[in-house]
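Per the working numbering: the sequence shown = residues 17 to 253. Glycine included, every Cβ here is placed at the ideal spot set by N, Cα and C. Beneath this line is the structure, given in structure tokens, with notes to follow.
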Amino acid sequence: MTSLDGAVVLITGANGGIGTRLVDQALARGASKVYATARTPRAWGDDRVVPVVLDVTAPASIRGVLEAAPDVTVLINNAGASASTGRILSQSDEEIRGNVETNLVGPLMLSRAYAPALAARGGNTAIVNIHSALSWYAVAGIYSATKAGLWSVTNSLRLELQPAGVQVLGVHVGYVDTAMAAHSADPKLDPAELAVMVFDTLEAGGIELLADDTSRRAKAGLSAPLEAVYPQLAAGA
Numbered sequence: 017m018t019s020l021d022g023a024v025v026l027i028t029g030a031n032g033g034i035g036t037r038l039v040d041q042a043l044a045r046g047a048s049k050v051y052a053t054a055r056t057p058r059a060w061g062d063d064r065v066v067p068v069v070l071d072v073t074a075p076a077s078i079r080g081v082l083e084a085a086p087d088v089t090v091l092i093n094n095a096g097a098s099a100s101t102g103r104i105l106s107q108s109d110e111e112i113r114g115n116v117e118t119n120l121v122g123p124l125m126l127s128r129a130y131a132p133a134l135a136a137r138g139g140n141t142a143i144v145n146i147h148s149a150l151s152w153y154a155v156a157g158i159y160s161a162t163k164a165g166l167w168s169v170t171n172s173l174r175l176e177l178q179p180a181g182v183q184v185l186g187v188h189v190g191y192v193d194t195a196m197a198a199h200s201a202d203p204k205l206d207p208a209e210l211a212v213m214v215f216d217t218l219e220a221g222g223i224e225l226l227a228d229d230t231s232r233r234a235k236a237g238l239s240a241p242l243e244a245v246y247p248q249l250a251a252g253a
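Here is the structure:
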């Protein structure tokens, strides 16, 4: 388990709806410092929050944040990109490459950059990766593909960092009430509620959070025949 009391937390995509609530909740639980990263950081009005420029798609930017924030004990990979359509054959080259770099390669590279320092602390350290229920349900094109990839990366990180005592938590959730989900009229989870759940799970020693019914159904579908998960396949046959 990883305590937030006195922790030094780095959150990517801190300006967004989920990121902002993660910052707030980390502070509420006693974090001594929160590095709030974004491509264009904003002011926070709390001395414990340190705005830091970070573009997770740029290797030089990752090296820069590692130098600017060497004392991190909890890394939260929250930054994400989406695409304008869920049809992977219709998505542009830019959307495909942008999603891969932001949702998959960026979190992997940032985790790899911080892994030695986290492992060297010998415990009370963690990496949190924000996945999606769409990791297990391929209806969002390249977004689903990259979140599925991040899920696999998280599993690899768990196995490789467990001997050093680094907790690795994967978070799966459906729609959250943020700008990214503004297009949908489906039920959405309050990002503040999600932040509470993330840190509750982290402090309890959990390694996977299924934050809503959507994510629980999606994971249950992994053991079902493909035709049950994607009825259109059965119809086509």
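Per-residue burial, residue i [other beta carbons within 10 Å of its own, 16 or more giving buried]
| i | result |
| --- | --- |
| G157 | buried |
| M17 | exposed |
| A198 | Note that A198 scores a pLDDT of 49, beneath 50, so its modelled location is shaky; the value from the coordinates is reported in the next line. The residue in question, A198, is exposed, as its Cβ has fewer than 16 Cβ neighbours within 10 Å. |
| S231 | buried |
| A220 | exposed |
| P241 | exposed |
| Q248 | exposed |
| D21 | exposed |
| L238 | exposed |
| V214 | buried |
| R79 | exposed |
| L175 | exposed |
| G32 | buried |
| S168 | exposed |
| E111 | buried |
| L105 | exposed |
| D228 | buried |
| R103 | exposed |
| S151 | buried |
| V155 | exposed |
| A44 | exposed |
Residue range of the unbroken beta strand (DSSP E) whose run includes residue i
| i | result |
| --- | --- |
| I104 | No beta strand (DSSP E) holds I104; DSSP gives it neither H nor E. |
| G186 | 182-188 |
| A154 | Note, A154: premise wrong, no beta strand (DSSP E); not H, not E. |
| Y51 | 49-54 |
| A136 | First-last for A136: 122-136, but that is the alpha helix (DSSP H), not the beta strand (DSSP E). |
| A26 | Sequence check: residue 26 is Leu here, not Ala. It spans 24-27 - the beta strand (DSSP E) in which L26 sits, taken as one unbroken run. |
| T141 | 141-146 |
8 Å contact criterion, which residue i and residue j should meet: CB distance rounded
| i | j | result |
| --- | --- | --- |
| L126 | T28 | 7 Å |
| L218 | Q183 | 7 Å |
| E243 | A234 | Contact flag wrong, Cβ pair sits at about 16 Å. |
| N115 | A97 | 5 Å |
| I146 | V187 | 5 Å |
| A129 | L82 | 5 Å |
| P86 | V68 | No, P86 and V68 are not in contact; Cβ-Cβ is about 12 Å, not under 8 Å. |
| R137 | T170 | The pair is not a contact, with the Cβ atoms about 20 Å apart (cut-off 8 Å). |
| P132 | V72 | Not confirmed; about 19 Å, so no contact. |
| A76 | S48 | The Cβ separation is near 28 Å, so there is no contact. |
| V121 | S148 | Going by Cβ atoms, the distance from V121 to S148 rounds to 17 Å, so no, they are not a contact pair. |
| K163 | N119 | 6 Å |
| A99 | Y159 | 6 Å |
| A30 | T53 | 6 Å |
For residue i, the first and last residue of its enclosing alpha helix (DSSP H)
| i | result |
| --- | --- |
| T36 | 33-44 |
Closer than 7 Å: residue i CB and nearest the ligand SAH heavy atom
| i | result |
| --- | --- |
| S98 | Summarising the ligand content, the structure contains no ligands, and the ligand SAH is consequently not present. |
Contained beta strand (DSSP E) runs [length at least 3] in the region 215-246, N- to C-terminal order: 224-226
Alpha helix (DSSP H) segments (min. 4 residues) lying fully within the region 59-104: Qualifying alpha helix (DSSP H) stretches, in chain order: 75-84.
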